[in-house]
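S.K.: Residues in the sequence shown are numbered from 77 upward in steps of one, following our numbering. Ideal Cβ placement from N, Cα and C applies to all residues, glycine included. All values derive from a computational prediction rather than experimental measurement. Next up is a structure, given as structure tokens.
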Amino acid sequence: MDPQQKAVAEEFDRYQTTYKTAVNDALSFSGLDVDFFTRVKAEYLVDLVRDGFGTTEGLKVLDIGCGIGNYHSLLTGRFAELSGVDVSAACIDIARENHPEVAYLAYDGTRLPYEDGSFDVVFTICVIHHVPVPQWQGFVSEMARVLRPGGMALVFEHNPRNPLTMRVVNRCPFDKDAVLLNAGEATALFTTPAFSSVHTRHILSIPPWNAALRRVDSVLGYLPLGAQYYLQARRAGDPAAG
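Okay, here's the thing in structure tokens:
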């Protein structure tokens with residue numbers, strides 16, 4: 077494993093059982109907690125997949141940088157297959173214990189342990205800012221490799237232009253070495269021959285407590301105000317060839 081990537085893995089090994097507490101401490105000034113943000117992004121993810129494919133049924137989905145599987149209790153049963161992969165073997169052990177219905181693997185942070193075109197959807201939530209910057213393009217290339225033609229890549233990341241987001245990041249102990257990328261930088265990473273239809277939308281401009289408020293939040297997403305953003309892209313190629 078790359079030394080920088082190994083350091084990241086060891087950092088998250090240390091927070092395997094206290095991750096939620098650390099994030100909630102960083103969020104304490106906002107009156108919200110990590111479970112709220114987890115629910116919001118899980119619902120956005122399902123909405124985006126459903127809008128893109130017309131259904132979530134029959135889809136094979138991979139969560140890269142899944143940690144202890146915080147999102148998986150909200151996603152289990154909504155897809156045909158759900159898999160998770162992470163550089164922290166300790167976190168993967170906890171994820172397996174908590175979510176035995178999900179297929180988990182640990183990896184070295186370089187090459188994902190899956191065959192080409194294995195998944196319909198690959199997503200990663202607040203992970204790229206922990207990947208060493210020289211490995212960003214390789215990370216994106218691996219997302220493309222394991223997606224089938226026509227498959228969907230989804231990325232959720234912090235918005236470094238939002239001052240409240242930066243306050244949370246600066247208070248969070250395992251974000252001390254994070255390098256945040258804005259929506260334009262994320263778009264540039266995915267603007268390669270491997271992907272098409274790349275676009276971003278900011279979210280969490282308001283607290284979207286329900287589907288109606290999520291629609292309002294989505295409309296506001298054209299403005300770069302939200303605490304986070306998502307990037308959506310499709311794997312280039314003929315879906316019939318996948």
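Which residue marks the beginning of the beta strand (DSSP E) containing S326, and which one marks its end?
M.R.: Summary: the structure shown does not reach residue 326, with the chain confined to residues 77 through 318, and so no result is reported for it.
S.K.: Once DSSP output is grouped into helix, strand and coil, what is the label at S159?
M.R.: Along the sequence shown, one-based indexing puts residue 159 at 83. In this structure, S159 counts as strand in the three-state DSSP scheme.
S.K.: Which residues in the same chain as V125 place their Cβ atom closer than 6 Å to its Cβ, once the five residues preceding and following it in sequence are excluded?
M.R.: Mapped onto the sequence shown, residue 125 falls at position 49. Hits under 6 Å: T132 and V197.
S.K.: Within 10 angstroms of its Cβ, does G297 collect 16 or more other Cβ (buried), or is it exposed?
M.R.: Here residue 297 is taken as the residue at index 221 of the sequence shown, counted from 1. G297 is buried by the Cβ-count criterion.
S.K.: Check the DSSP bridge columns for A182 and list the partner residues they point to.
M.R.: Counting from one through the sequence shown, the residue named residue 182 turns up at place 106. Answer by DSSP bridge pairing, in chain order: D162.
S.K.: Is the Cβ-Cβ distance between V116 and L280 less than 8 Å?
M.R.: Within the sequence shown, numbered from 1, the residue matching residue 116 stands at position 40. Within the sequence shown, numbered from 1, the residue matching residue 280 stands at position 204. A contact, by the Cβ cut-off of 8 Å.
S.K.: DSSP puts S272 in a beta bridge; with which residues?
M.R.: Your numbering for residue 272 matches position 196 in the sequence shown. DSSP output for S272 lists R310 as bridge partner(s).
S.K.: Nearest to G143 by alpha carbon, out of G153, K136 and Y183?
M.R.: Here residue 143 is taken as the residue at index 67 of the sequence shown, counted from 1. Out of G153, K136 and Y183, Y183 has the C-alpha closest to the C-alpha of G143.
S.K.: Can you tell me whether T186 is buried or exposed? The criterion is at least 16 other CB atoms within 10 Å of its CB, across all chains shown.
M.R.: Residue mapping note: residue 186 aligns to position 110 of the sequence shown, counting from 1. By the 10 Å Cβ count, T186 comes out exposed.
S.K.: Determine the extent of the beta strand (DSSP E) in which R237 is found, giving its start and end residues.
M.R.: For the purposes of this step, residue 237 is taken as residue 161 along the sequence shown, with counting starting at 1. From DSSP, R237 is part of no beta strand (DSSP E); its letter is neither H nor E.
S.K.: Tell me whether A229 sits in a helix, a strand or coil according to DSSP, three-state version.
M.R.: Along the sequence shown, read from residue 1 onward, the residue named residue 229 stands at position 153. Here A229 sits in strand by DSSP.
S.K.: Could you check how far apart the C-beta atoms of F195 and L138 are, in whole angstroms? I think they sit under 8 Å.
M.R.: Stepping through the sequence shown from its first residue, residue 195 is reached at position 119. Stepping through the sequence shown from its first residue, residue 138 is reached at position 62. Their Cβ separation, rounded to whole angstroms, is 5 Å, which keeps F195 and L138 in contact under 8 Å.
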